[in-house]
Amino acid sequence: MRLSSSFIPTLKEIPVDATSVSHQLMLRASLVVQTAAGIYSWLPLGIRILKKISRIIEEEQEAIGANQILMTTLQPAKLWQESGRYDSYGEEMVCFKDRRGHELLYSPTNEEQATDIFRRFVKSYRQLPQNLFQIHWKFRDEIRPRFGIMRGREFLMKDGYSFDIDIESAKKTYQKVFNAYLITFRRMGLTPIPVRADSGAIGGDMSHEFQVLAATGESTLFYDSLLLELTQASKEELASAYAVSEDKHDPRACRVPEDRLRQSRGIEVGHIFYFGTKYTKSMEASVMGPKGTPIYPEMGSYGIGVSRLIGAIIEVFHDEKGIIWPESVAPFRVGLVNLQSEDTACTEAAKDLYTKLCALDVEVLYDDRKERMGVKLSDMDLIGLPWQILVGPRKLADGVFELKNRKTGEIQVLSQDGILNFFGCS
Ligand code: ATP
Ligand code: MG
Numbered sequence: 225m226r227l228s229s230s231f232i233p234t235l236k237e238i239p240v241d242a243t244s245v246s247h248q249l250m251l252r253a254s255l256v257v258q259t260a261a262g263i264y265s266w267l268p269l270g271i272r273i274l275k276k277i278s279r280i281i282e283e284e285q286e287a288i289g290a291n292q293i294l295m296t297t298l299q300p301a302k303l304w305q306e307s308g309r310y311d312s313y314g315e316e317m318v319c320f321k322d323r324r325g326h327e328l329l330y331s332p333t334n335e336e337q338a339t340d341i342f343r344r345f346v347k348s349y350r351q352l353p354q355n356l357f358q359i360h361w362k363f364r365d366e367i368r369p370r371f372g373i374m375r376g377r378e379f380l381m382k383d384g385y386s387f388d389i390d391i392e393s394a395k396k397t398y399q400k401v402f403n404a405y406l407i408t409f410r411r412m413g414l415t416p417i418p419v420r421a422d423s424g425a426i427g428g429d430m431s432h433e434f435q436v437l438a439a440t441g442e443s444t445l446f447y448d449s450l451l452l453e454l455t456q457a458s459k460e461e462l463a464s465a466y467a468v469s470e471d472k473h474d475p476r477a478c479r480v481p482e483d484r485l486r487q488s489r490g491i492e493v494g495h496i497f498y499f500g501t502k503y504t505k506s507m508e509a510s511v512m513g514p515k516g517t518p519i520y521p522e523m524g525s526y527g528i529g530v531s532r533l534i535g536a537i538i539e540v541f542h543d544e545k546g547i548i549w550p551e552s553v554a555p556f557r558v559g560l561v562n563l564q565s566e567d568t569a570c571t572e573a574a575k576d577l578y579t580k581l582c583a584l585d586v587e588v589l590y591d592d593r594k595e596r597m598g599v600k601l602s603d604m605d606l607i608g609l610p611w612q613i614l615v616g617p618r619k620l621a622d623g624v625f626e627l628k629n630r631k632t633g634e635i636q637v638l639s640q641d642g643i644l645n646f647f648g649c650s
């Protein structure tokens, strides 16, 4: 994409009301723009990152056999009256009436709706297990929206719902999702710490949060340093591990040797729950069991804060100049900067390289603006693409370009073939 014709309105100044680093950088790099308190519109760079994150989540959910659906953002109140949560969920849920006087709500979560879809189609234990997930917008009227999209009121969530024949298979499903979550977050460059958690408004008796270590996180964690090794484990090792869990509030509850006990701040990026028959019973979602009598399937639900993840990734990966995207979620892989736009040779060389990189399917953001070199370089550092190719007159006279690694600052000097090889082969 050419920067001159794109909509990437970066800001020089730090917005005064943004208190966290990720909030400041998201506004400055023009990923989002605030519409109202806790409500943000997404701009082109932001959407590209949301899509990258969503794709990783989809791949890892599909790998464990979950099926993607898309439920509505609005739900009829009667579903929540059936489960008994309509009056107990509280003021975070926004409710209103349509012109016929029917009560509706904007989904803060979708256990009821998923159970309703399930009960309409699944009638026999032979159709179990089922695991349905979606990636969609939620609204929660948070009392204190803050840190930009990290604690927003409208936010993008991956939410999944599983239905199993009995407790044993429900716990196996829970473990599968647990392992898939570790892999999912790891693919985004993060080190997730699984923490035993309260089930809160969802209900149930088994629940884990996935926390990303970051100095600016809202939670305080006490954890076993061995967990960091487990989060680096292979899929096979994960499959054979114990559910891991530690108490997030009380260091004594960790019961780990003192030399392995660590304390940190954390950002909750995922939360999973096993809650048995709470919704299948209250919403009469029984299926015919193997003995010819109806049984109530055992359920779990599984959330990932898709939009919050962008904030969490930035909190972990940034420096004083801007964001440093891990390759897997970067909006573009490489930024191509023409340092002298009035120099014909530079412009021709940059254009040629751009065309050739695009032909190799490399995602390139080409800064072809008639801007000062300093502005271009600081914008590129702010946006934080993993690689930068710098096209300048002095190097070009020798037939070479500079390839800069945004994370390490290392510069390699390469010919056009060298650059194309680098991106075509790596
Ligand atoms: P929190 O404890 O942070 O309030 P929660 O436990 O209420 O979150 P869940 O119902 O578990 O949230 O939702 C699943 C995931 O959605 C969370 O793990 C989090 O990553 C994300 N999430 C929840 N609330 C918000 C919010 N207000 N803004 C952005 N993401 C959110
Ligand atoms: Mg939670």
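Following the numbering used here, the numbering of the sequence shown begins with 225 at its first residue and continues without gaps.
All C-beta atoms, glycine included, are put in the ideal place defined by N, C-alpha and C.
Residue of Leu-533, Gly-648, Leu-329, Ile-273 minimising C-alpha distance to Ala-438
Locating residue 438 in the sequence shown gives position 214, counting from the first residue. Between Ala-438 and the set Leu-533, Gly-648, Leu-329, Ile-273, the nearest pair of CA atoms involves Leu-533.
Using a threshold of 7 angstroms, is the CB atom of Glu-336 nearer than that to any non-hydrogen atom of ligand 1?
By 1-based counting over the sequence shown, the position of residue 336 is 112. Not a single heavy atom of ligand 1 lies less than 7 angstroms from the C-beta of Glu-336.
Let's test the definition: count the other Cβ atoms within 10 Å of the Cβ of Ile-238 and tell me whether it reaches 16, buried, or not, exposed.
Stepping through the sequence shown from its first residue, residue 238 is reached at position 14. Result: exposed.
Should Thr-415 and Glu-284 be called a contact, given that it needs their Cβ atoms to be closer than 8 angstroms?
Indexing the sequence shown from 1 puts residue 415 at position 191. Indexing the sequence shown from 1 puts residue 284 at position 60. Contact flag unset, no.
Where does Arg-476 fall in DSSP's three states?
Mapped onto the sequence shown, residue 476 falls at position 252. Legend: pLDDT at Arg-476 = 49, less than 50; position of this residue unreliable, no value from coordinates given.
Would you call the stretch 324-336 and the stretch 357-375 in contact, with 3 or more CB pairs under 8 angstroms?
Counting Cβ pairs under 8 angstroms, three or more are found: they touch.
How far does the beta strand (DSSP E) with Tyr-498 in it reach, from first residue to last?
As a working note, residue 498 is residue 274 in the sequence shown. First-last of the beta strand (DSSP E) with Tyr-498: 485-500.
Please find out if some non-hydrogen atom of ligand 1 comes closer than 7 angstroms to the beta-carbon of Arg-375.
For this step, residue 375 is matched to residue 151 along the sequence shown. Yes, Cβ of Arg-375 sits closer than 7 angstroms to a heavy atom of ligand 1.
In the DSSP output, what is Gly-546 paired with across the bridge?
Walking along the sequence shown from the start, residue 546 turns up at place 322. Residue pairing by DSSP places Gly-546 opposite Asp-543 in a beta bridge.
Starting from Thr-397, trace the beta strand (DSSP E) in both directions and tell me its first and last residue.
In the sequence shown, the residue the question calls residue 397 occupies position 173. Taken as a continuous stretch (DSSP letters only), Thr-397 belongs to no beta strand (DSSP E), being part of the alpha helix (DSSP H) at 391-411.
Residues bridged to His-360 (per DSSP):
In the sequence shown, residue 360 corresponds to position 136, counting from 1. Beta-bridge partners assigned by DSSP to His-360: Met-381.
My understanding is that Ile-537 touches Gly-413, with C-beta atoms under 8 angstroms, so please give their C-beta distance in whole angstroms.
Here residue 537 corresponds to residue number 313 of the sequence shown, with the count starting at 1. Here residue 413 corresponds to residue number 189 of the sequence shown, with the count starting at 1. Right, the Cβ-Cβ distance comes to about 7 angstroms (below 8 angstroms), so this counts as a contact.
Given 7 angstroms as the limit, tell me if His-495 has its C-beta closer than that to any heavy atom belonging to ligand 1.
Translated into positions along the sequence shown, residue 495 becomes position 271. Checking the Cβ of His-495 against ligand 1 gives yes.
Going by Cα to Cα distance, which pick from Leu-227, Asn-562, Ser-488, Ser-348 is closest to Val-436?
Translated into the one-based positions of the sequence shown, residue 436 becomes position 212. In this structure, Ser-488 is the residue among Leu-227, Asn-562, Ser-488, Ser-348 with its C-alpha nearest to the C-alpha of Val-436.
Beta-carbon of Phe-446 versus every beta-carbon of chain C: anything under 8 angstroms?
Going by chain labels, chain C is absent from the structure shown, which holds only one protein chain.
Use the C-beta contact count for Arg-596: other C-beta atoms within 10 angstroms, 16 or more gives buried, fewer gives exposed.
Looking up residue 596 in the sequence shown gives position 372. Counting of Cβ neighbours within 10 angstroms places Arg-596 among the exposed residues, the total staying below 16.
Apart from the five residues just before and just after Met-507, which ones in its own chain have a Cβ nearer than 8 angstroms to its Cβ?
Start at 1 with the first residue of the sequence shown, and residue 507 comes out as number 283. Here the set comprises Leu-303, Glu-306, Ser-307, Glu-336, Thr-339, Asp-340, Arg-343.
Using the rule of at least 16 other Cβ atoms within 10 Å of the residue's Cβ for burial, across every protein chain shown, is His-326 buried or exposed?
On the sequence shown, position 102 is the one that residue 326 refers to. Exposed.
One or two residues paired with His-432 in a DSSP bridge
Locating residue 432 in the sequence shown gives position 208, where the first residue counts as 1. Here His-432 is bridged, per DSSP, to Arg-420, Ile-496.
With H, G and I counted as helix, E and B as strand and the rest as coil, what does DSSP make of Met-225?
For the purposes of this step, residue 225 is taken as residue 1 along the sequence shown, with counting starting at 1. Looking at Met-225 - three-state DSSP - the assignment turns out to be coil, as it is neither helix nor strand.
Is Thr-243 near ligand 1, with its Cβ less than 7 angstroms from a heavy atom?
Start at 1 with the first residue of the sequence shown, and residue 243 comes out as number 19. In this structure, Thr-243 has its CB at a distance of at least 7 angstroms from all heavy atoms of ligand 1.
Please indicate yes or no: does the CB of Thr-632 lie closer than 7 angstroms to some heavy atom of ligand 1?
By 1-based counting over the sequence shown, the position of residue 632 is 408. False, no ligand heavy atom lies under 7 angstroms from that Cβ.
Which ranges would you report for the beta strand (DSSP E) in the stretch 517-588 if only whole runs of at least 3 residues count?
For secondary structure counted as the beta strand (DSSP E) over 3 or more consecutive residues, the stretch 517-588 holds these complete runs in sequence order: 522-529, 558-562.
Between Ile-280 and Gly-535, how many whole angstroms is the CB-CB distance? I'm expecting something under 8 angstroms.
Working through the sequence shown from its first residue, we reach residue 280 at position 56. Working through the sequence shown from its first residue, we reach residue 535 at position 311. Contact flag wrong, Cβ pair sits at about 16 angstroms.
Hey, could you find the ends of the beta strand (DSSP E) Thr-333 is sitting in?
Stepping through the sequence shown from its first residue, residue 333 is reached at position 109. It is not in any beta strand (DSSP E) - Thr-333 carries neither H nor E in the DSSP assignment.
Chain-order list of residues whose beta-carbon lies under 8 angstroms from that of Leu-235 (same chain, five-residue window excluded):
Mapped onto the sequence shown, residue 235 falls at position 11. Cβ within range, chain order: Leu-251, Arg-252, Ser-254.
Could you tell me whether the stretch 575-583 touches the stretch 541-552, where touching means 3 or more Cβ pairs closer than 8 angstroms?
No, they do not touch.
Given a cut-off of 8 angstroms, decide if Ile-263 and Arg-377 are closer than it, judged by their beta-carbon atoms.
Position 153 of the sequence shown, counting from 1, holds the residue named residue 377. Position 39 of the sequence shown, counting from 1, holds the residue named residue 263. A contact, by the Cβ cut-off of 8 angstroms.
In or out: Val-468 buried (at least 16 other Cβ within 10 Å) or exposed?
Here residue 468 refers to the residue found at position 244 when the sequence shown is read from its first residue. Here the model assigns Val-468 a pLDDT of 49, short of 50, so the residue's position is not dependable, and the following value carries that caveat. Only buried fits Val-468, as 16 or more other CB atoms lie within 10 angstroms of its CB.
Considering only C-alpha positions, which residue in the set Ala-290, Arg-370, Gly-642, Arg-309 is nearest to Thr-243?
The residue given as residue 243 occupies position 19 in the sequence shown. It is Arg-370.
Beta strand (DSSP E) segment containing Lys-628, residue limits:
Mapped onto the sequence shown, residue 628 falls at position 404. Segment 625-629, the beta strand (DSSP E) holding Lys-628.
Please report the distance separating the alpha-carbon of Val-530 from that of Glu-566.
Within the sequence shown, the letter at position 306 stands for residue 530. Within the sequence shown, the letter at position 342 stands for residue 566. Rounded to whole angstroms, Val-530 and Glu-566 show a C-alpha spacing of 42 angstroms.
If contacts are defined as beta-carbon pairs under 8 angstroms, then Leu-563 and Gly-616 qualify, I think. What distance do you get, rounded to the angstrom?
Numbered from its first residue, the sequence shown carries residue 563 at position 339. Numbered from its first residue, the sequence shown carries residue 616 at position 392. Correct: roughly 4 angstroms between the Cβ atoms.
Counting Cβ pairs closer than 8 angstroms, one from the stretch 551-561 and one from the stretch 603-622, do we hit at least three?
Contact between the stretch 551-561 and the stretch 603-622 is present, because at least three Cβ pairs lie under 8 angstroms.
Anyone know if the C-beta pair for Phe-499 and Gly-516 falls short of 8 angstroms?
Looking up residue 499 in the sequence shown gives position 275. Looking up residue 516 in the sequence shown gives position 292. Contact check for Phe-499 against Gly-516 fails: the beta carbons are separated by 8 angstroms or more.
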